[in-house]
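To keep things clear, I will list the structure first and then write my remarks on it.
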Amino acid sequence: ERGHGPYQPHEPGYGLYQPGHSPYDDQIPDPKSRTLAIQNAKAYLLKSSTTSGLNLYDHLANMLTKILDEQPTNAVDIIENISKDVKWAHFQKKMDTLRDEHEILPTFEAAEKRKALFLKANGEGDEELEEEIGETPLPNVMETAFYFEQAGIGLSKDESYHIFLALKKLISVQPIQTCRFWGKILGLEMNYIIAEVQYHEGEEEEETEEEAVTEEGGKWVGEVEDEEEEKEKEDEPPKSTYKPPPVIPKEENGTGANKYVYFVCNEPGKPWVKLPPVTPAQIVCARKIKKFFTGRLDAPVVSFPPFPGNEANYLRAQIARISAGTQISPIGFYQFAEEEDEEEEVEGGRDTYEENPDFQPLSVAEMVDSLSAWVHNVQSILKQGRCVWLNPLQKTEEEEENEEEEKAEEPDELPQELQQEIGPPLLTPLSEDEGIQNIPAWTAQPSTNLIPQYAVAVLQSNRWPGAYAFASGKKFDNIYFGWGHKYSPENHTPALPPPVQAEYPSGPEITETRDPTVEEELAFKAAREEALATAEEEEDEEGAEEDEEEDD
Amino acid sequence: MEASSLPAALDLVSGGGAGLSPEKRAVLGSSLLLLQRDYRFERVWFWGCIQGVCGAYYIAEGLGPDRAAPRSRLYSLNCVEWSLLPPVTEEMVTQAGQLKGRFQGDPSFEYEYTERNAEDVERLFEDGKEPMIKEEARLVATIEQIDRAVGIIPRGAFVKTPLGSVSENRNFEGLSLAEAKRLSSYFHFTEPVNLKNKTLLEKADLDPSTDFLDSLEHDIPQGSWTVQLEKGGTVVVLRSLLWLGLTFYHVPMTKQYGYVYFGNGEKNLDLPFML
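Top line first, the protein sequences correspond to chains A and B.
Using the working numbering, read the first sequence as starting at 19 and increasing by one per residue.
Using the working numbering, read the second sequence as starting at 536 and increasing by one per residue.
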């Protein structure tokens with residue numbers, strides 16, 4: 019019967035269906051030889067491959083089993099991949115144990131460290147619990163993280179909690195009075211988590227006297243030693259007249275740029291490392307260079323001008339700059355302590371403040387609208403690299419005595435008077451911050467426009483991208499998440515090397531004389547011949563006179 | 536990153552400190568779905584956020600059946616209402632490349648050309664165009680530049696069909712930990728540039744269905760990517776140093792991967808000095 023025809027050329031049944039014949043006519047009709055053919059086909063399929071030892075029959079059976087088990091959609095499109103997967107699974111089993119143990123080891127170790135954070139220390143009794151519940155320097159990291167999260171800033175809750183526990187561990191080890199999670203700085207190989215800490219008074223460890231060596235070079239200040247050169251023997255090469263600029267001493271621990279001590283770790287769970295205090299030379303140099311942090315504290319900082327220190331010092335200098343530029347608080351929260359003698363002016367402005375017990379928080383709308391509702395609560399760093407200006411040319415009494423003994427001649431040049439540098443005093447409002455080109459220094463936003471009753475005022479710094487601050491009622495905090503560099507719309511131009519120094523002073527005694535020209539030589543020769551000629555004449559005359567005398 | 540995996544993904548890239556507030560997260564879940572419905576996208580990617588001085592732009596990309604085709608880009612100021620950005624042209628990219636400084640936060644802001652040759656300005660005047668560029672154009676040009684330069688995917692995540700279109704590889708099970716730490720396991724998801732320069736030997740090893748893109752190995756300058764293991768070694772995070780703020784995450788041996796940009800929208804031209 020015809021049934022479906024006529025088939026068009028593009029349809030699959032075309033050519034196969036002829037009236038009176040079935041489509042299977044070309045196959046072997048005889049049942050006995052058909053089973054023989056089937057057995058031959060199966061035997062062929064069961065033949066093992068010479069290269070891999072598999073046979074097609076088993077492989078097809080595995081593949082179809084897998085497909086029927088998993089029932090993927092559009093299996094025909096991915097059939098080759100399924101085939102590859104089945105073959106791959108063959109070889110997986112043998113190498114499984116070896117590979118697994120080898121690979122995941124680093125993650126297991128890291129998990130161990132993180133788990134250790136959650137274990138309570140041994141031997142803890144009830145007394146310690148009471149102590150903990152009382153006044154503790156541990157900041158409530160989760161609360162701060164919640165407020166920042168309202169603005170879309172911050173780490174995941176897991177990481178915040180790990181940092182919380184890591185800070186707790188730090189406090190239990192070091193004698194710490196106040197502690198704050200300062201922020202996170204990203205690096206190339208590893209990141210830094212930074213805690214800002216203040217020690218109890220008097221409990222700070224004594225540091226080794228590394229600074230003494232560098233300070234000796236700065237003692238000879240303002241003295242000119244040119245005269246000594248001329249008295250030297252002529253054989254020796256002249257000594258260098260280079261006087262390095264005076265080394266500005268770093269500020270004492272607990273004041274100025276070193277007011278806080280910073281601890282860093284790469285990941286919560288790893289031990290905290292204390293950063294060394296910062297020196298003004300490091301800050302001045304850090305302003306000129308821009309380098310990524312690698313994540314290893316002992317990595318060298320290769321730059322020009324050469325940075326005096328390694329990555330730990332560079333990190334500390336950047337932290338100091340960021341703190342000085344972006345640590346802010348709502349106006350009125352801090353006030354200056356009442357001073358007993360109002361007449362005595364503290365040089366460089368006041369550097370201490372205390373909390374104001376009568377602080378009335380402004381509303382969120384006010385905090386966002388005007389930048390004068392916020393003030394800096396960290397002293398700004400002067401160009402010199404310190405917060406309090408120090409004249410490096412001022413001599414102490416000892417130095418003055420030394421100089422009077424050794425001063426032989428009057429110096430040719432007087433040392434230049436350095437201008438006293440002054441910076442904005444502590445607790446200046448943000449409206450005084452200068453922006454970069456036409457961008458204001460800070461961007462203020464409420465965390466949400468939909469629910470203004472519970473919004474949080476959030477400030478982002480445009481000069482140090484990554485520095486944020488929030489305020490909500492009486493709570494406020496600052497934090498930093500970023501790479502640790504200042505924003506500049508212009509490209510960074512590294513400092514050029516200084517011009518080559520003159521090796522020696524030019525004077526007439528070492529300047530070469532010009533070679534005489536040909537005319538000059540001829541003129542000189544002519545003049546000499548004339549002189550010779552006149553001399554000979556004189557000799558002849560003298561000779562004649564002598565003869566005359568002898569004759570007598 | 537895929538809109539459907541947004542919450543989990545945001546947790547994984549938050550190592551850099553940038554993320555979204557709970558309000559934005561909540562609204563993105565619905566508004567991205569609605570985008571998919573309205574524009575008939577097959578996939579919607581949340582691209583990231585460009586921070587301007589006064590406000591921020593939230594960017595989403597929509598993909599059609601061919602994942603490598605030019606994507607539609609949309610921006611929003613509040614994650615609720617989205618506007619389609621004009622398709623990007625090469626001219627826009629070159630013009631935007633000359634602009635410096637932060638984004639303003641206002642899409643209709645016009646930048647004036649400050650450094651242009653007198654000839655070019657005259658030429659523009661003759662054409663009847665004003666020598667100004669709108670922030671919208673700068674925005675879409677910047678997104679295109681970032682996608683071209685640092686938009687990456689793991690190797691094997693996408694396959695090229697014999698017809699030329701690109702689609703997700705359903706057999707991609709994730710990179711192993713060792714592979715995930717190598718830069719050669721990641722590709723730029725854009726027109727390949729270096730592929731033809733490979734030697735015949737190298738080309739013989741490549742699998743044309745998965746290796747049809749440039750890998751990150753030969754990026755200039757070398758070292759412009761940082762590869763880190765975060766969260767105790769369970770997530771591989773790649774951060775670009777050329778466009779600071781672009782973060783790519785991948786959980787090894789799973790299908791989770793994606794990239795997002797949280798930043799200023801400015802290229803880090805100081806990179807060679809900083810390495």
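For glycine and all other residues, C-beta sits at the position ideal for the given N, C-alpha and C.
- Secondary structure at Lys309(A): coil, using DSSP grouped into helix, strand and coil.
- Residue Pro464(A) holds the alpha-carbon nearest to the alpha-carbon of Glu558(B) among Ala487(A), Pro464(A), Asp533(A) and Phe488(A).
- Interface flag for Ser524(A) against chain B is unset, since no Cβ pair is found closer than 8 Å.
- Of all residues in the segment 551 to 581 of chain B, only Gly551, Gly552, Ala553, Gly554, Leu555, Ser556, Pro557, Glu558 and Lys559 come within less than 8 Å of chain A when Cβ atoms are compared, listed by chain position.
- Between Ile687(B) and Tyr796(B), the C-beta spacing is not below 8 Å.
- Taking Glu726(B) as reference, the option from Gly780(B), Val579(B) and Pro605(B) with the minimal CA-CA separation is Pro605(B).
- Contact fails between the segment 452 to 459 of chain A and the segment 470 to 478 of chain A, because fewer than three Cβ pairs, one in each stretch, are under 8 Å apart.
- By the Cβ rule, the segment 545 to 565 of chain B does not count as touching the segment 154 to 164 of chain A, because fewer than three pairs are nearer than 8 Å.
- Runs of the beta strand (DSSP E) lying entirely within the segment 724 to 772 of chain B and spanning at least 3 residues, in chain order: 760 to 765.
- Remark: C-beta atoms of Ile668(B) and Ala631(B) approach each other more closely than 8 Å.
- Relative to Pro267(A), the option among Phe310(A), Gly500(A) and Val406(A) whose CA is nearest is Val406(A).
- Around the beta-carbon of Phe783(B), 16 or more other beta-carbon atoms lie within 10 Å, marking it buried.
- Non-local C-beta neighbours of Arg198(A) in its own chain, meaning closer than 6 Å and more than five positions away in sequence, comprise Pro157 and Glu214, ordered along the chain.
- Under the DSSP assignment, Asp451(A) falls outside any beta strand (DSSP E); it carries neither an H nor an E label.
- Excluding five sequence positions before and after Ser607(B), the CB atoms of its chain that fall closer than 6 Å to its own CB belong to Gly597, given in chain order.
- The C-beta of Gln757(B) has fewer than 16 other C-beta atoms within 10 Å across all chains shown, which makes the residue exposed.
- For the C-beta of Arg132(A), the chain B residues within less than 7 Å are, from N- to C-terminus, Gly767.
- In the three-state DSSP reduction, Cys303(A) falls in the helix class (H, G or I).
- Note on the segment 623 to 647 of chain B: whole beta strand (DSSP E) runs with a minimum of 3 residues are 645 to 647, in chain order.
- Looking at the DSSP output, His394(A) shares a beta bridge with Ile346(A).
- Among the residues of chain B, those whose CB is under 8 Å from the CB of Asn480(A) are Val588 and Arg637, following chain order.
- The alpha-carbon of Met809(B) is positioned some 18 Å away from that of Pro515(A).
- If you check the CB distance, Leu773(B) and Leu806(B) do not come in under 8 Å.
- Within chain A, Glu207, Met208 and Asn209 have C-beta atoms less than 8 Å from the C-beta of Gln763(B), given in sequence order.
- By the 16-neighbour rule on beta-carbons within 10 angstroms, Leu445(A) is buried.
- Just so you know, the alpha carbons of Ser643(B) and Ala672(B) end up roughly 10 Å apart.
- Contact of Phe499(A) with chain B by beta-carbon distance below 8 Å involves Gly551, Gly552 and Ala553.
- Burial is judged here by how many other beta carbons sit within 10 angstroms of a residue's own beta carbon; Gly525(A) has fewer than 16 and is exposed.
- Under the DSSP definition of a beta bridge, Cys614(B) lacks any partner.
- The CB of His510(A) comes closer than 7 Å to the CB of Asp805 and Phe808 in chain B, given here in chain order.
- For Leu779(B), the neighbours in chain A by C-beta distance under 7 Å run, in chain order, Trp501.
- Beyond the five residues adjoining it in sequence on each side, Lys65(A) comes within less than 8 Å, by CB distance, of Asn73 and Leu74 in the same chain, given in chain order.
- Asp495(A) is outside the set of residues whose beta carbon lies under 8 Å from a beta carbon in chain B.
- Within the segment 695 to 707 of chain B, Arg705 and Asn706 place their CB atoms closer than 7 Å to a CB of chain A, listed in sequence order.
- A check of alpha carbon separations from Phe136(A) across Ala541(A), Ala184(A), Gly484(A) and Asn409(A) identifies Ala184(A) as the nearest.
- Taking the CA atoms as reference points, Ser67(A) sits about 29 Å from Lys50(A).
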